[in-house]
Amino acid sequence: MSAIRKLLPAERGQYRAHLLRLDKADRYARFTGTVSDEVIAQHCESLDWTRTTLVGLFDRGELRGAVELCFDRLLWPGAAELAISVEKGFQGRGVGSTLVRRSLSIAANRGIRQVHLMCLSDNTRMRALSRRFGGTMERDGGEFAITFDLPRPSQVSLALEAFEDGAGAVNAVLDGLPALLKAA
Ligand SMILES: CC(C)(COP(=O)(O)OP(=O)(O)OC[C@H]1O[C@@H](n2cnc3c(N)ncnc32)[C@H](O)[C@@H]1OP(=O)(O)O)[C@@H](O)C(=O)NCCC(=O)NCCS
Numbered sequence: 001m002s003a004i005r006k007l008l009p010a011e012r013g014q015y016r017a018h019l020l021r022l023d024k025a026d027r028y029a030r031f032t033g034t035v036s037d038e039v040i041a042q043h044c045e046s047l048d049w050t051r052t053t054l055v056g057l058f059d060r061g062e063l064r065g066a067v068e069l070c071f072d073r074l075l076w077p078g079a080a081e082l083a084i085s086v087e088k089g090f091q092g093r094g095v096g097s098t099l100v101r102r103s104l105s106i107a108a109n110r111g112i113r114q115v116h117l118m119c120l121s122d123n124t125r126m127r128a129l130s131r132r133f134g135g136t137m138e139r140d141g142g143e144f145a146i147t148f149d150l151p152r153p154s155q156v157s158l159a160l161e162a163f164e165d166g167a168g169a170v171n172a173v174l175d176g177l178p179a180l181l182k183a184a
């Protein structure tokens, strides 16, 4: 059983554990550079949840993929930044695409008109995924700056997010049910 849903601030430990499980190459691709375990721990500890939305894939209670969407209405009005990670055993199954679709929709529903993402130029999978969602790419040295232009929110997009939040909550309970039953 798996669930795709927004994370709660109390789940920052799950996010840290997920990022620490990424292998060396994926960690490098996620942060577009080398980062230590301590930097990852610090990154998770200093998340500002008033400006950050995390959407993740939970599989049997463990976070296996996540999108970090950061907004700042003062510094970048109308824009947001996205970063994504999916653990090796869960890649190539559409998880990344689902997480990106969900986060672009969440961003559009908050009035964001552009979402930016940096990826290494050899990250073919991320580039393929971005193309699927209409991202435009500009080469910047050894990296690509990817921009997604978003539509305005609609009744349908707002209703869909509310529906997916509800479905995520139900799936989270079902996902945790075996552990609950075992403990009972
Ligand atoms: C990039 C990443 C998020 C993709 O996640 P994923 O769950 O594998 O994504 P999907 O399964 O939805 O596939 C994405 C695309 O890659 C393509 N793909 C799958 N396997 C591939 C492979 N071995 N080589 C190249 N492309 C591949 C898929 O066909 C798909 O393209 P399409 O949309 O045109 O069909 C994941 O590989 C990852 O976490 N990488 C490390 C972190 C990273 O690079 N983050 C990006 C910078 S923030």
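Residue numbers 1 to 184, in full-length UniProt numbering, belong to the letters of the sequence shown in order. Quick reminder that beta carbons are idealized off the backbone N, C-alpha and C, glycines included. All of these numbers come straight from a predicted model, not from anything done at the bench.
So, residue 65 versus residue 85, is the Cβ gap smaller than 8 angstroms? For the purposes of this step, residue 65 is taken as residue 65 along the sequence shown, with counting starting at 1. For the purposes of this step, residue 85 is taken as residue 85 along the sequence shown, with counting starting at 1. Yes, these two residues count as a Cβ contact at 8 angstroms.
Run the proximity test for residue 83: is its beta-carbon closer than 7 angstroms to any non-hydrogen atom belonging to ligand 1? Here residue 83 refers to the residue found at position 83 when the sequence shown is read from its first residue. For ligand 1, at least one heavy atom lies less than 7 angstroms from the Cβ of residue 83.
For the beta strand (DSSP E) that residue 138 lies in, which residues bound it at each end? Taking the first residue of the sequence shown as 1, we reach residue 138 at position 138. Run containing residue 138: 136-140, per the beta strand (DSSP E) assignment.
For residue 146, which option in 29, 13, 57, 82 has the closest C-alpha, if you only look at C-alpha atoms? As a first step, residue 146 must be located in the sequence shown, where it is residue number 146. Per the Cα distances, 82.
What's the C-alpha gap between residue 79 and residue 72? For the purposes of this step, residue 79 is identified with residue 79 of the sequence shown, where counting begins at 1. For the purposes of this step, residue 72 is identified with residue 72 of the sequence shown, where counting begins at 1. Spanning the two alpha carbons is a distance of roughly 8 angstroms.
Can the beta-carbon of residue 136 be found closer than 8 angstroms to that of residue 4? Position 136 of the sequence shown, counted from the start, is the residue given in the question as residue 136. Position 4 of the sequence shown, counted from the start, is the residue given in the question as residue 4. Not closer than 8 angstroms, so no.
Simplified DSSP state of residue 114, which is helix, strand or coil: Counting from 1 along the sequence shown, the entry for residue 114 is found at position 114. Looking at residue 114 - three-state DSSP - the assignment turns out to be strand.
In the DSSP output, what is residue 133 paired with across the bridge? Position 133 of the sequence shown holds residue 133. As DSSP reads the structure, residue 133 sits in no beta bridge.
Rounded to whole angstroms, what's the CA-CA distance from residue 26 to residue 46? Just pull it up for me. Taking the sequence shown and counting its residues from 1, one reaches residue 26 at position 26. Taking the sequence shown and counting its residues from 1, one reaches residue 46 at position 46. Cα to Cα, residue 26 sits roughly 22 angstroms from residue 46.
Which same chain residues, not among the five before or five after residue 20, have their C-beta less than 7 angstroms away from its C-beta? The sequence position of residue 20 within the sequence shown is 20, counting from 1. Excluding residues within five positions, the ones whose Cβ falls inside 7 angstroms are 37, 40.
Quick check on DSSP: helix, strand or coil for residue 33? Here the question's residue 33 lines up with position 33 in the sequence shown. Of the three classes helix, strand and coil, the one that applies to residue 33 here is coil, per DSSP.
Is the CB-CB distance between residue 88 and residue 23 below 8 angstroms? As a working note, residue 88 is residue 88 in the sequence shown. As a working note, residue 23 is residue 23 in the sequence shown. Taking 8 angstroms as the Cβ cut-off, residue 88 and residue 23 qualify as a contacting pair.
Residue 161 and residue 106 look like a contact to me (Cβ under 8 angstroms); what is the Cβ gap, rounded to whole Å? Along the sequence shown, one-based indexing puts residue 161 at 161. Along the sequence shown, one-based indexing puts residue 106 at 106. Their Cβ separation, rounded to whole angstroms, is 6 angstroms, which keeps residue 161 and residue 106 in contact under 8 angstroms.
Measure the C-alpha to C-alpha separation of residue 114 and residue 103 and round it to an integer number of angstroms. Stepping through the sequence shown from its first residue, residue 114 is reached at position 114. Stepping through the sequence shown from its first residue, residue 103 is reached at position 103. Each residue's Cα considered, the two are about 12 angstroms apart.
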